[in-house]
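> As you go down the protein sequences, you meet chains Y and R in turn. Here this note's numbering is used: the first residue of the first sequence is 161, the next is one more, and so on. Here this note's numbering is used: the first residue of the second sequence is 161, the next is one more, and so on. Note that beta-carbon positions come from the ideal geometry of N, C-alpha and C, so glycine has one too.
2 protein chains.
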Amino acid sequence: MIHLCLMLKKSEAKIIEAGFSVFSANPTATLADVAKEAGVGRATLHRHYAGREDLMAALAVVAMQELDDAIEAATEDAPSYTEALRLSLEVIIPLADRQMFLANEPLDHVPEVLEAYTQQLEETAEAVDAAKEEGGFDADVPTAWIVQAIETLTYAAWTVVRDGDATPEEAAALAWRTLQSGLTGGAK
Amino acid sequence: MIHLCLMLKKSEAKIIEAGFSVFSANPTATLADVAKEAGVGRATLHRHYAGREDLMAALAVVAMQELDDAIEAATEDAPSYTEALRLSLEVIIPLADRQMFLANEPLDHVPEVLEAYTQQLEETAEAVDAAKEEGGFDADVPTAWIVQAIETLTYAAWTVVRDGDATPEEAAALAWRTLQSGLTGGAK
DNA sequence: TCAACATGAGACATAGGTGTATCATTTTTT
DNA sequence: AAAAAATGATACACCTATGTCTCATGTTGA
Numbered sequence: 161m162i163h164l165c166l167m168l169k170k171s172e173a174k175i176i177e178a179g180f181s182v183f184s185a186n187p188t189a190t191l192a193d194v195a196k197e198a199g200v201g202r203a204t205l206h207r208h209y210a211g212r213e214d215l216m217a218a219l220a221v222v223a224m225q226e227l228d229d230a231i232e233a234a235t236e237d238a239p240s241y242t243e244a245l246r247l248s249l250e251v252i253i254p255l256a257d258r259q260m261f262l263a264n265e266p267l268d269h270v271p272e273v274l275e276a277y278t279q280q281l282e283e284t285a286e287a288v289d290a291a292k293e294e295g296g297f298d299a300d301v302p303t304a305w306i307v308q309a310i311e312t313l314t315y316a317a318w319t320v321v322r323d324g325d326a327t328p329e330e331a332a333a334l335a336w337r338t339l340q341s342g343l344t345g346g347a348k
Numbered sequence: 161m162i163h164l165c166l167m168l169k170k171s172e173a174k175i176i177e178a179g180f181s182v183f184s185a186n187p188t189a190t191l192a193d194v195a196k197e198a199g200v201g202r203a204t205l206h207r208h209y210a211g212r213e214d215l216m217a218a219l220a221v222v223a224m225q226e227l228d229d230a231i232e233a234a235t236e237d238a239p240s241y242t243e244a245l246r247l248s249l250e251v252i253i254p255l256a257d258r259q260m261f262l263a264n265e266p267l268d269h270v271p272e273v274l275e276a277y278t279q280q281l282e283e284t285a286e287a288v289d290a291a292k293e294e295g296g297f298d299a300d301v302p303t304a305w306i307v308q309a310i311e312t313l314t315y316a317a318w319t320v321v322r323d324g325d326a327t328p329e330e331a332a333a334l335a336w337r338t339l340q341s342g343l344t345g346g347a348k
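(1) Apply the 10 Å Cβ neighbour rule to Phe180 of chain Y and answer buried if 16 or more other Cβ atoms are within range, or exposed otherwise.
(2) Could you tell me the distance, in whole angstroms, from the CA atom of Leu227 of chain Y to the CA atom of Thr235 of chain Y?
(3) For the structure I just gave you, are there three or more beta carbon pairs, one from the region 323 to 336 of chain Y and one from the region 265 to 284 of chain Y, closer than 8 Å?
(4) Closer than 8 Å is the cut-off here; do at least three beta carbon pairs connect the region 252 to 264 of chain Y with the region 306 to 326 of chain Y?
(5) Hey, does Tyr241 of chain Y have any beta-carbon neighbour from chain R nearer than 8 Å?
(6) When DSSP labels each residue in this structure, what does Ala341 of chain Y get in the three-state scheme?
(7) Count the CB pairs spanning the region 279 to 287 of chain R and the region 303 to 311 of chain R that are closer than 8 Å, and state whether there are at least three.
(8) Can Leu255 of chain R and Ala276 of chain R be called in contact, C-beta distance under 8 Å?
(9) When you compare the CB of Ser341 of chain Y with every CB in chain R, is at least one pair closer than 8 Å?
(10) May I ask you to list, following chain order, the residues of the region 218 to 231 of chain Y that have a beta carbon less than 8 Å from some beta carbon of chain R?
(11) Using a Cβ-Cβ distance cut-off of 8 Å, determine whether Asp158 of chain R contacts chain Y.
(12) Just the chain Y side, please: which residues come within less than 9 Å of Asp325 of chain R by C-beta, in chain order?
(13) When you compare only the Cα positions, how much space is there between Val221 of chain R and Gly324 of chain Y?
(14) DSSP on Gln259 of chain Y, reduced to helix/strand/coil?
(15) Can you check whether the C-beta of Thr312 of chain R is within less than 8 Å of a C-beta belonging to chain Y?
(16) Glu344 of chain Y and Ser341 of chain R look like a contact to me (Cβ under 8 Å); what is the Cβ gap, rounded to whole Å?
(17) With distances taken Cα to Cα, identify the nearest neighbour of Ala210 of chain R among R:Arg246, R:Leu191 and R:Glu330.
(18) Nearest to Asn186 of chain R by CA position, among R:Glu294, R:Asp298, R:Glu265 and R:Ile253, is which residue?
(19) Quick one: does Leu262 of chain R have its CB under 8 Å from some CB of chain Y?
(20) If you check the beta carbons only, do Ala217 of chain R and Ala198 of chain R fall under 8 Å apart?
(21) Could you tell me the alpha carbon to alpha carbon distance between Asp300 of chain R and Arg246 of chain R, rounded to whole angstroms?
(22) Taking only beta carbons into account, state which residues of the region 253 to 285 of chain Y come closer than 8 Å to chain R, listed in chain order.
(23) From Ala290 of chain Y to Pro328 of chain R, what does the alpha carbon distance come to, in whole angstroms?
(24) Residues of chain Y with CB closer than 7 Å to the CB of Val321 of chain R, please, in chain order.
(25) If I measure Cβ to Cβ from Arg322 of chain Y and keep anything under 8 Å in the same chain, skipping five residues before and after, which residues do I get?
(26) Can you have a look at Thr319 of chain R and say buried or exposed, based on whether 16 or more other CB atoms are within 10 angstroms of its CB?
(27) When the Cα atoms are used, what is the spatial distance from Gly295 of chain Y to Gln225 of chain Y?
(28) In chain order, what residues of the same chain have a beta carbon less than 7 Å from the beta carbon of Ala244 of chain Y, not counting five sequence neighbours either side?
(29) Exposed or buried, Thr278 of chain Y, counting other C-beta atoms within 10 Å across all chains shown (16 or more means buried)?
(30) So is Tyr315 of chain Y in contact with chain R if we call contact Cβ pairs under 8 Å?
(31) Work out the CA separation of Ile253 of chain R and Glu213 of chain R for me, nearest whole Å.
(32) Following the continuous alpha helix (DSSP H) through Lys170 of chain R, name the residue where it begins and the one where it ends.
(33) At a Cβ cut of 8 Å, what residues of the region 182 to 206 of chain Y count as close to chain R, listed as they run along the chain?
(34) Grab me the residues of Val251 of chain R's own chain with a C-beta within less than 7 Å of its C-beta, minus the 5 sequence neighbours each way, in chain order.
(35) Looking at Ile175 of chain Y: is its Cβ nearer than 8 Å to the Cβ of His206 of chain Y?
(36) For Lys196 of chain Y, I'd like the list of residues in its chain whose CB is within less than 6 Å of its CB, leaving aside the five on either flank, ordered along the chain.
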């Protein structure tokens, strides 16, 4: 909401924030619910976003942008690709609740979102490949698996944080340890 | 469908199978879609299942039962709890597409499903605790995290299989390795 | 064969979310 | 202060999924 105000009008910012809040709690919530949460008339919502799809797409764009910014800020002076991946993991967890509800939305029809998403995946894959050369990951393990493991363990970390079973820092540490050395006692 | 016929009438079995098929592809599909896929009139579907919630609950019950059966069959003569967890992981992956679409359904209102699900989680947690004592997992790692990691890595495995990036056996092996020893080169 | 039952097809009513238009009011800008 | 823009509230029409009902047809079992 802070930096959103720089580019979005006041009502739009309120609607976007309400969208994150409401749809995170209930992905099938009504546009009326969003408008109410935003303290805005339903008609006003329609003035800014033509329909549900438009709003979802806007939410996706904002979420992607936030993610990109956070990752770039966290990794810009990382000493290695491996460390950059670890730092990314740490940074993503607190933002995950703004992304997760979008995962089940059919956003493939919005080229802007699709493009950003595939690029995100590609960048991760590139970072993983680079980390492999550093010895951070075993070259024998398929990159596709490592990327998927990073994504799902990020989700796992977000879940345990949400359930109050760990702090974001603890969850990030557990996720990274799982990725790197696994959970066996001997591998400590 | 094979053993379902033992307890479900023909139409019911067809509807249930169609439900898995249709809702896996599109979680917001219509009851009419399910009826069509089942080769059954929409009215017939309503005769057997009062509404969408009823159908979803029935699907959840069947899916849970299948999971229980598969896990029990796979682990009944496992040499250890750790090995039992590995075998469970292997067995769940091919069944995962019958479960995943249910994850985003609000089934908490169906006590039968809720109870079966929580029991499933408890059994996993118990197996993890037992595996800890065997040395299969580090006792320092919270059980809640291990359980969550197992779940999400199972999902990851299902995903790569679905995308054609690995066979079920390969995916299971990757998931288990990730859990146990991680993906670092040195941990091979 | 006959009776009981299940099914398919269609008509019908309903409810809820969605999108639009209008108008008075408020806020912002000039 | 005056003009312009944004907003809230309301009413309206629309569409789709849903659920119910009926009746003719088909299937099953006695």
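Per the coordinate set shown:
(1) When all chains shown are included, Phe180 of chain Y counts as buried.
(2) 12 Å
(3) Three or more Cβ pairs closer than 8 Å define a contact, and the region 323 to 336 of chain Y falls short of that threshold against the region 265 to 284 of chain Y.
(4) yes
(5) no
(6) Contrary to the premise, residue 341 of chain Y reads as Ser rather than Ala in this sequence. Here Ser341 of chain Y sits in helix by DSSP.
(7) Taking a cut-off of 8 Å on C-beta distances, the region 279 to 287 of chain R touches the region 303 to 311 of chain R, as three or more cross pairs fall below it.
(8) no
(9) So yes, Ser341 of chain Y belongs to the interface.
(10) none
(11) In the structure displayed, chain R extends from 161 to 348; residue 158 of chain R sits before or after that span and is not available.
(12) Correct list: Pro302, Ala304, Trp305 and Gln308.
(13) 29 Å
(14) coil
(15) yes
(16) The sequence shown places Thr at residue 344 of chain Y, rather than the Glu named in the question. Between Thr344 of chain Y and Ser341 of chain R, the beta carbon gap of about 6 Å places them in contact (Cβ cut-off 8 Å).
(17) R:Leu191
(18) Nearest C-alpha to Asn186 of chain R: R:Glu265.
(19) no
(20) no
(21) 20 Å
(22) Asn264
(23) 27 Å
(24) Within 7 Å Cβ-Cβ: nothing; Val321 of chain R doesn't reach chain Y, min ~11 Å.
(25) Contacts found: Asp257.
(26) Around the C-beta of Thr319 of chain R, 16 or more other C-beta atoms lie within 10 Å, and the residue is accordingly described as buried.
(27) 30 Å
(28) Thr235, Ala238 and Ala287
(29) exposed
(30) True, the Cβ-Cβ gap to chain R drops below 8 Å.
(31) 26 Å
(32) Lys170 to Ala185
(33) Pro187
(34) Cβ within range, chain order: Ala230, Ile231 and Ala234.
(35) no
(36) none
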